[in-house]
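Here is the structure we will look at.
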Amino acid sequence: MKEISVIVVGAGPVGLLTTLRLAQAGIRTTCVDALAKVDASPRAMAYHPVAVKELDRAGVLDDCRKIGSAGRSLCWRNTKTKEEIAVIDRAPSKEFTYENLMIGQHLLAGIILEHLKHYDKASVRFSTKVTAIDQSGGQYVSLTVEDAEGSSSNLSADYCVAADGGRSTMRKLLDISFDGFTFEEQLVSTNVYFDFEKYGWKDGNFMVHPEHWALIGRINKDNLWRVSYGEKPGLTYEELKERLPWKFSEMFPGDKPPDYKLDQMSPYRLNQRCASTFRKGRVMLAGDAAHLCNPFGGLGLTGGILDAAAVSDSLIGIYEGKASDSILDKYAEVRRGIFVNTVNPTSQANKLRLHDDDPETLGDRDPVLHKIRTATPEEMQRMRANDTLAVDMKQFFDRPEQTNGSAAQTNGVTS
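Using the numbering used here, you'd call the opening residue of the sequence shown number 146 and step up by one each time.
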């Protein structure tokens with residue numbers, strides 16, 4: 146057993162899940178975040194089954210299921226006619242027993258925070274901003290942090306995981322480029338109370354239209370839904386809010402104007418970006434700090450959860466003497482490769498498909514939708530599982546496995 150310590154920067158789901166996994170393995174881990182509390186704005190909420198498996202491995206899935214909901218089916222729908230273009234069944238199977246989970250990322254973060262209270266090896270510090278990084282010693286990483294009152298102090302550890310979001314301070318301090326582009330259109334993300342189920346709508350609905358393209362998905366069992374839609378560029382927040390009733394009227398089923406209650410609204414830019422490397426010295430990037438993609442298809446946070454799993458498994462492998470430090474280079478290589486070769490092109494295609502000029506014929510012309518419409522049950526399950534997004538880092542361990550089980554299993558969770 147090699148005693149190590151880790152600092153995790155960022156207290157979103159990716160950073161907190163990393164902290165939890167490491168603490169469960171017996172690794173002393175400190176998580177810091179510049180915000181005063183978990184960000185509760187409407188952000189990611191959909192998790193592919195392959196990511197849900199990791200939530201189960203961390204022991205938090207049962208609590209997630211109590212708050213969130215299972216996405217039972219997903220469709221692409223013509224916004225103008227409201228007719229379905231293609232439908233994919235997302236029910237679990239014997240081969241892959243996990244569901245598509247729908248839960249706001251701030252709620253997931255809150256659940257993980259509660260679980261972290263049970264581990265003495267873990268601590269979480271909000272209102273703690275990183276201002277400098279020092280790796281000159283070679284054997285450790287030292288962060289200069291500033292609290293809410295402006296007082297500075299230093300934190301040191303053997304390794305650091307930077308999971309501090311798309312505007313990552315850590316990535317900038319490390320001088321790692323964030324290559325890619327930003328789509329011209331804006332995204333307006335809203336949480337809305339409306340009875341879509343009354344009209345027979347699926348738990349997830351991709352709305353296809355040259356102008357009124359969107360994702361409408363169930364958040365919970367209380368008829369709270371996420372409606373994320375594209376808008377033309379250059380509009381102010383006030384202009385976006387003024388246009389919202391018209392946009393909803395075009396997209397929602399039933400009477401006009403629709404009877405809805407707006408809970409939250411936040412505009413975002415749509416990015417497709419990837420860090421030039423996911424490792425620099427003793428710091429690894431994970432989640433949005435490492436890569437960004439548009440939200441259509443739920444690949445962003447799913448990828449972040451899988452980053453958390455992979456970097457945690459790698460650090461636990463070092464701690465247990467099963468892997469050398471080079472496992473972290475492999476983490477950076479493999480996880481970056483999955484984003485560049487799979488997530489990035491797939492997520493771009495997901496967005497472009499939504500504002501197709503001819504929704505009436507899209508189901509026949511688009512190869513993905515055509516495949517869904519003609520897939521056998523076995524092919525449908527393979528598409529649903531989407532296990533090509535994950536990687537088992539243990540296959541890269543390069544040292545004989547240790548027999549000491551104390552770190553391999555803690556609180557019933559196998560690392």
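Heads up, the beta-carbon is just placed ideally off N, CA and C, and yes, glycines get one too.
- When Cβ pairs closer than 8 Å are counted between the two stretches, the region 294-305 is seen not to touch the region 363-375, the count staying below three.
- Taking C-beta atoms as the reference points, K182 and F271 count as a pair closer than 8 Å.
- Inter-residue distance for L407 and K211 is about 24 Å (C-alpha atoms, whole angstroms).
- Annotation for F326: no alpha helix (DSSP H) segment contains it, though the beta strand (DSSP E) segment containing it runs 323-338.
- Secondary structure note for Q409: its beta strand (DSSP E) is the uninterrupted segment 406-420.
- Beta bridge pairing from DSSP links T175 with I152, S268.
- Bounds of the alpha helix (DSSP H) holding D509 are 504-510.
- As a beta-bridge residue in DSSP terms, A359 pairs with M352, Y374.
- Residue environment analysis places H263 among the exposed positions, since fewer than 16 neighbouring C-beta atoms fall within 10 angstroms of its C-beta.
- Excluding the 5 residues flanking it on each side, E523 has no same chain C-beta neighbour closer than 8 Å.
- DSSP lists C419 as the beta-bridge partner residues of H436.
- Distances from the CA of S214 to each of V232, W358, A191, V205 were compared; the closest alpha carbon is that of A191.
- Around the beta carbon of V485, a 10 Å sphere encloses fewer than 16 other beta carbons of the protein chains shown; the residue is thus reported as exposed.
- Listed in chain order, the non-local C-beta contacts of F323 below 7 Å within the same chain comprise R316, R418, A420, local neighbours out to five positions each way being set aside.
- Counting the other Cβ atoms within 10 Å of the Cβ of K425 gives 16 or more, which makes it buried.
- Below 8 Å, enough C-beta pairs join the region 302-313 and the region 156-170 to call them touching: three or more.
- When Cβ pairs closer than 8 Å are counted between the two stretches, the region 380-388 is seen not to touch the region 449-465, the count staying below three.
- The residue from P355, L430, T335, L162 with its alpha-carbon nearest to that of D320 is L430.
- Secondary structure note for L246: its beta strand (DSSP E) is the uninterrupted segment 245-247.
- Taking the CA atoms as reference points, A277 sits about 6 Å from L288.
- Restricting attention to S471, A254, A189, M352, the CA atom closest to the CA of M247 is found in A189.
- Partner residues in a beta bridge of Y382, as assigned by DSSP, do not exist.
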